[in-house]
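Colleague: Here's a structure for you.
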Amino acid sequence: MENSSMYIISVYSENQVGLLSSISNIFTRRGINIESLTVFPSEFPGIHHFTFRAITTERAAQQVVGFIEKKVEVVRAFYFPDNSTSAAEHGMIEEYLNNNRNQ
Amino acid sequence: MGQRLTGAEILLESLLAEGVDTVFGYPGGSIITVYDKMYGYSDRLRHILVRHEQGAIHAAQGYARATSRPGVVIVTSGPGATNVITGVADAMVDSTPVIVITGQVGNAMLGTDAFQETDVVGMTGPIDKWTFQIRRPEDVAPAVAKAFHIASTGRPGPVVLDFTRDAQVGLADFEYRPCNHIRSYSLPAPADQAAIDAAAKLIDEAERPFVVFGQGVVLSHAEEQLKAFLKKGGIPAASTMLGLSALPSDFPYYVGMAGMHGNIASNMMTQQCDVLIAVGMRFSDRVTGNPFTYAPKAKVVHIDVDRTEIGKIIPVEVGILGDAAEVLGRLTERIRFSFHDEWAALARRYDRVEEERVAAPETAPAEGPVNMGEVVAKVAELSCRQAIIVTDVGQNQLMGARYSRFAQSRSFISSGGLGTMGFGLPAAIGAKIGVPDRQVCLFVGDGGIQMTIQEFGTIMQEGTAVKIVLLNNNWLGNVRQWQELFYGKRYSQTQMLNPDYSLIAKAYGIHYRCVEDRAELDDAIREMLDSKGAFLLDAHVRKEGMVYPMVPGGRRMDEILLNKDEWYHDGE
Chain U
1365 MENSSMYIIS
1375 VYSENQVGLL
1385 SSISNIFTRR
1395 GINIESLTVF
1405 PSEFPGIHHF
1415 TFRAITTERA
1425 AQQVVGFIEK
1435 KVEVVRAFYF
1445 PDNSTSAAEH
1455 GMIEEYLNNN
1465 RNQ
Chain P
200 MGQRLTGAEI
210 LLESLLAEGV
220 DTVFGYPGGS
230 IITVYDKMYG
240 YSDRLRHILV
250 RHEQGAIHAA
260 QGYARATSRP
270 GVVIVTSGPG
280 ATNVITGVAD
290 AMVDSTPVIV
300 ITGQVGNAML
310 GTDAFQETDV
320 VGMTGPIDKW
330 TFQIRRPEDV
340 APAVAKAFHI
350 ASTGRPGPVV
360 LDFTRDAQVG
370 LADFEYRPCN
380 HIRSYSLPAP
390 ADQAAIDAAA
400 KLIDEAERPF
410 VVFGQGVVLS
420 HAEEQLKAFL
430 KKGGIPAAST
440 MLGLSALPSD
450 FPYYVGMAGM
460 HGNIASNMMT
470 QQCDVLIAVG
480 MRFSDRVTGN
490 PFTYAPKAKV
500 VHIDVDRTEI
510 GKIIPVEVGI
520 LGDAAEVLGR
530 LTERIRFSFH
540 DEWAALARRY
550 DRVEEERVAA
560 PETAPAEGPV
570 NMGEVVAKVA
580 ELSCRQAIIV
590 TDVGQNQLMG
600 ARYSRFAQSR
610 SFISSGGLGT
620 MGFGLPAAIG
630 AKIGVPDRQV
640 CLFVGDGGIQ
650 MTIQEFGTIM
660 QEGTAVKIVL
670 LNNNWLGNVR
680 QWQELFYGKR
690 YSQTQMLNPD
700 YSLIAKAYGI
710 HYRCVEDRAE
720 LDDAIREMLD
730 SKGAFLLDAH
740 VRKEGMVYPM
750 VPGGRRMDEI
760 LLNKDEWYHD
770 GE
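Note that the protein sequences, when read in sequence, are chains U and P. Quick note on this note's numbering: the first sequence kicks off at 1365 and runs consecutively. Quick note on this note's numbering: the second sequence kicks off at 200 and runs consecutively.
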């Protein structure tokens, strides 16, 4: 069995009614308890940033992120072990939004 | 500036703008405004009045699977909405494009436990591709446009629009703009060239390459690309249950169905292949058995349009994210012409064993009661493989999958992932309404038919000429099979006392014939296929019928039961 440890799951998304609940359901379905949660507007107009902390395995964190990204309103989601931080996120979101503008 | 219309009219105009000509539904208090406006649209929009909302969504699923166009469902709030939930979950796991419009109480009454109010957004969010509550009339057209875009692109799926009364009755300017872009939802991009190159290299170096394909091939219209790929690489291929009919049954490289009740050849070859190319399938536990012992010698190439499927169950050597038609086309260009004749010929050896030990006793017994597989095989033969085969869930489904034969794609419709009993009858109705020129045959058990038997009323009202083959053994046969094999023959709650189906058929004006004797079977099936209207063929089949071969759940895919006492030994 893989070891569980604290992961940060970081989600950039359109802010729509019901979205927080449908994202948190993805944790619920796998029996993962959310330790902490923050939601605030990101630096990108109209995009909110959700940060979940949860104790889980890397494989589960990876799958949760995949399923979160399947939500239509979600722009991107990432996971990190709690002991690391990423400045790369910002660049990736910016690049994604630039590449996926209305043609 | 467009016309000024009510939200209800905007909904109907938007459906017409998306090319919808048929909807399945059931009226009620919170959707009555839409039904009122629909009264004036009866020349452009055909509404199929079902007998229960679950019937509406399964019919829409059958329609979508047969036609490749999204099915549309209109129901009321509260119980209308909760009654479609099974079908929403079913369409999600089976990637079926369906648009569900649920009525909802007025905005001011949301969250007050108003009559027939329920939290549709909260309930459907976890089991559909997209849910949206329309609260303002000006949001109707954009929401419908987004719904069609989301339901039918990428990996298709169900979308729920919860349509409040305020949005239905309010006025807004109508102008329809189809949606082709959503900032947070990207369409499948061309696949990564490096991944295609890596896959091509593995395939070129393989000695025993093997393909397992799923419904993704059908959804992506990749049937011809798959054929070209298999021919150029000389690669034998198996289908998942939902992939059935993507290749003609007699296609030279096709070795049959994979999985728990699949063909011996496909399961044995899965365990021996050195490169497994999975196309548009999701490694369901009904396909893999124990995933840790699945295809143990293989490097896996997984092609899927859904990123979360790649590596979800089976670790991959190369994952290719993309649309099956595009990826297979490019992959075929990159691989070498190859032959693996000795490897591919193994299939014929396994087929001979299966024919002799399992298929022949099932489909051509010398004496005794009629077998389920025998009925299915006769229908395949007498319909010249031309029918769309719809199944319910259970032994009827497994027999329908095993012994039907197909000549063209989109000819097999069944509830795969969710395994919804009661799916078959309404799905067959939807398929027949979508493709009226084709023969539609349903295989259904005496358990499943009674879960949605009220849809006989829809058949009667709409004159839908579905051909219903009831494989009637007075048992919940598949559970009974498991009880016999794994639960010491304790037949807990699986025996059914059935009604007189001839009287039920008569009540609904459906032609009926009962078959108990093998000598009558051919004639009865011919009569059914030739009949102009709906037909119920009540086949009284062997009570203790079993579906073999069988890989019991959680086993290795080469641990195959040929009958209740005998495991298959390779080399027979």
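A virtual CB, placed ideally from N, CA and C, is assigned to each residue, including glycine.
Taking Cβ to Cβ, would you say M440(P) is nearer than 8 Å to G458(P)?
Modeller: Taking the first residue of the second sequence as 1, we reach residue 440(P) at position 241. Taking the first residue of the second sequence as 1, we reach residue 458(P) at position 259. The answer is yes: Cβ separation under 8 Å.
Colleague: Kindly list the residues whose CB is nearer than 6 Å to the CB of G633(P), restricted to its own chain and excluding five residues on each side of it in sequence; keep chain order.
Modeller: As a working mapping, residue 633(P) is identified with position 434 in the second sequence. Contacts found: Y262, A265, T266.
Colleague: Determine, for V1436(U), whether the minimum Cβ-Cβ distance to residues of chain P falls below 8 Å.
Modeller: As a first step, residue 1436(U) is located in the first sequence; it is residue number 72 there, counting from the start. Judged by the 8 Å Cβ criterion, V1436(U) is in contact with chain P.
Colleague: Between the alpha carbons of Q1467(U) and N762(P), how many angstroms are there, rounded?
Modeller: As a working note, residue 1467(U) is residue 103 in the first sequence. As a working note, residue 762(P) is residue 563 in the second sequence. Here the model assigns Q1467(U) a pLDDT of 47, short of 50, so the residue's position is not dependable, and the following value carries that caveat. The alpha-carbon atoms of Q1467(U) and N762(P) are separated by roughly 59 Å.
Colleague: Give me the DSSP bridge partner(s) of K498(P).
Modeller: In the second sequence, counting from the first residue as 1, residue 498(P) sits at position 299. In the DSSP output, where bridge partners are listed per residue, K498(P) has V474(P).
Colleague: Roughly how far, in whole angstroms, is the beta-carbon of T311(P) from the beta-carbon of R334(P), given that I think they are within contact range, below 8 Å?
Modeller: Walking along the second sequence from the start, residue 311(P) turns up at place 112. Walking along the second sequence from the start, residue 334(P) turns up at place 135. Not quite, the Cβ-Cβ distance comes to about 15 Å (not below 8 Å), so this is no contact.
Colleague: Please go through the same chain and pick out, in chain order, the residues whose beta-carbon is closer than 7 Å to the beta-carbon of P387(P), but skip the five residues on each side of it.
Modeller: Residue 387(P) sits at position 188 when you count from the first residue of the second sequence. For P387(P), where only same-chain residues beyond five positions count, the Cβ hits under 7 Å are G353, V504, G521, D522.
Colleague: Going by the DSSP bridge assignment, what does C583(P) pair with across the sheet?
Modeller: Position 384 of the second sequence holds residue 583(P). In the DSSP output, where bridge partners are listed per residue, C583(P) has none listed.
Colleague: So which residues on chain U does G493(P) lean against when the C-beta distance must stay under 7 Å?
Modeller: As a position in the second sequence, residue 493(P) is number 294, starting the count at 1. In the sequence on display, residue 493(P) carries Tyr and not Gly. What Y493(P) touches in chain U: nothing, since even the nearest Cβ is about 17 Å away.
Colleague: Keeping to the same chain, check which residues put their C-beta closer than 7 Å to that of E525(P); ignore five residues upstream and five downstream.
Modeller: Counted from its first residue, the second sequence places residue 525(P) at position 326. If we look at E525(P) and ignore the five residues flanking it on each side, its Cβ neighbours are P389, A390.
Colleague: With a threshold of 8 Å between beta-carbons, can R547(P) be considered close to chain U, or not?
Modeller: Translated into positions along the second sequence, residue 547(P) becomes position 348. So no, R547(P) is outside the interface.
Colleague: Near C713(P), which residues of its chain fall below 6 Å by C-beta distance, leaving aside the five closest residues on each side in sequence?
Modeller: Numbered from 1 along the second sequence, position 514 holds the residue referred to as residue 713(P). So the list reads D737, once near-sequence residues are dropped.
Colleague: For I1372(U), write down the residues that DSSP places opposite it in a beta bridge.
Modeller: By 1-based counting over the first sequence, the position of residue 1372(U) is 8. In DSSP, I1372(U) forms a bridge with R1417(U), F1444(U).
Colleague: For a quick check, are the C-beta atoms of E208(P) and K236(P) less than 8 Å apart?
Modeller: Taking the first residue of the second sequence as 1, we reach residue 208(P) at position 9. Taking the first residue of the second sequence as 1, we reach residue 236(P) at position 37. Yes, the pair counts as a contact, with Cβ atoms nearer than the cut-off.
Colleague: Relative to chain U, which residues along the region 491-521 of chain P have a C-beta separation below 7 Å, given in chain order?
Modeller: Hits within the stretch, in order: R506, T507, K511.
Colleague: Does any C-beta atom of chain P lie closer than 8 Å to the C-beta of N1397(U)?
Modeller: In the first sequence, the residue the question calls residue 1397(U) occupies position 33. No - not a single Cβ of chain P is within 8 Å of the one on N1397(U).
Colleague: Only counting the same chain, and skipping five residues up and downstream in sequence, which positions put a Cβ closer than 7 Å to that of G623(P)?
Modeller: Stepping through the second sequence from its first residue, residue 623(P) is reached at position 424. Only V589, T590, D591, L641, V643, G647 meet the Cβ criterion.
Colleague: Going along chain P in order, which residues have a C-beta closer than 8 Å to the C-beta of S1406(U)?
Modeller: Locating residue 1406(U) in the first sequence gives position 42, where the first residue counts as 1. Going along chain P, no residue has its Cβ under 8 Å from S1406(U), so there is no contact; the nearest lies around 13 Å.
Colleague: Do F331(P) and A340(P) have their beta-carbon atoms positioned less than 8 Å apart in this structure?
Modeller: Taking the first residue of the second sequence as position 1, residue 340(P) is located at position 141. Taking the first residue of the second sequence as position 1, residue 331(P) is located at position 132. Contact flag unset, no.
Colleague: I need the DSSP call for T363(P), collapsed to helix, strand or coil.
Modeller: Residue mapping note: residue 363(P) aligns to position 164 of the second sequence, counting from 1. Strand at T363(P).
Colleague: State yes or no: is the C-beta of G518(P) within less than 8 Å of the C-beta of Q594(P)?
Modeller: Counting from one through the second sequence, the residue named residue 518(P) turns up at place 319. Counting from one through the second sequence, the residue named residue 594(P) turns up at place 395. Against a cut-off of 8 Å, the Cβ pair of Q594(P) and G518(P) comes out as no contact.
Colleague: Per DSSP, what are the beta-bridge partners of R245(P) in this structure?
Modeller: In the second sequence, counting from the first residue as 1, residue 245(P) sits at position 46. In DSSP, R245(P) forms a bridge with T221(P).
Colleague: Which word fits P495(P), buried or exposed, when buried means at least 16 other C-beta atoms lie within 10 angstroms of its C-beta?
Modeller: Counting from one through the second sequence, the residue named residue 495(P) turns up at place 296. It counts as exposed.
Colleague: Does any residue of chain P have a CB that is nearer than 8 Å to the CB of N1389(U)?
Modeller: Along the first sequence, read from residue 1 onward, the residue named residue 1389(U) stands at position 25. Cβ-Cβ to chain P under 8 Å: yes for N1389(U).
Colleague: Looking at chain U, which residues of the region 304-330 of chain P have a Cβ within less than 8 Å of any of its Cβ atoms?
Modeller: Going along the region 304-330 of chain P in chain order, one finds V320, G321, G324, P325, K328, W329, T330 with a Cβ nearer than 8 Å to chain U.
Colleague: Could you spell out where the alpha helix (DSSP H) holding N671(P) opens and where it closes?
Modeller: Stepping through the second sequence from its first residue, residue 671(P) is reached at position 472. No alpha helix (DSSP H) contains N671(P), which is instead part of the beta strand (DSSP E) from 666-671.
Colleague: So what does DSSP say about T295(P), is it helix, strand or coil?
Modeller: Numbered from 1 along the second sequence, position 96 holds the residue referred to as residue 295(P). Three-state result, T295(P): coil.
Colleague: Does DSSP put G201(P) in a helix, a strand or coil?
Modeller: Indexing the second sequence from 1 puts residue 201(P) at position 2. Three-state result, G201(P): coil.
Colleague: Indicate whether at least one CB of chain P lies closer than 8 Å to the CB of V1403(U).
Modeller: The sequence position of residue 1403(U) within the first sequence is 39, counting from 1. It does not; no Cβ of chain P falls within 8 Å.
Colleague: What does I381(P) touch in chain U if you count any residue whose Cβ is under 7 Å from its own?
Modeller: The residue labelled residue 381(P) in the question sits at position 182 within the second sequence. Result: V1436.
Colleague: Determine the direct distance from the alpha carbon of V740(P) to that of E715(P), and round the result to whole angstroms.
Modeller: The count along the second sequence starts at 1 and reaches residue 715(P) at position 516. The count along the second sequence starts at 1 and reaches residue 740(P) at position 541. Between E715(P) and V740(P), the C-alpha separation is close to 7 Å.
Colleague: Rounded to whole angstroms, how far is the Cβ of A280(P) from the Cβ of V272(P), which I believe are closer than 8 Å?
Modeller: Position 81 of the second sequence, counted from the first residue, corresponds to residue 280(P). Position 73 of the second sequence, counted from the first residue, corresponds to residue 272(P). Actually they are not in contact, since the Cβ atoms of A280(P) and V272(P) sit about 10 Å apart, beyond 8 Å.
Colleague: Once DSSP output is grouped into helix, strand and coil, what is the label at R712(P)?
Modeller: Within the second sequence, residue 712(P) is the residue found at index 513, counting from 1. Three-state result, R712(P): strand.
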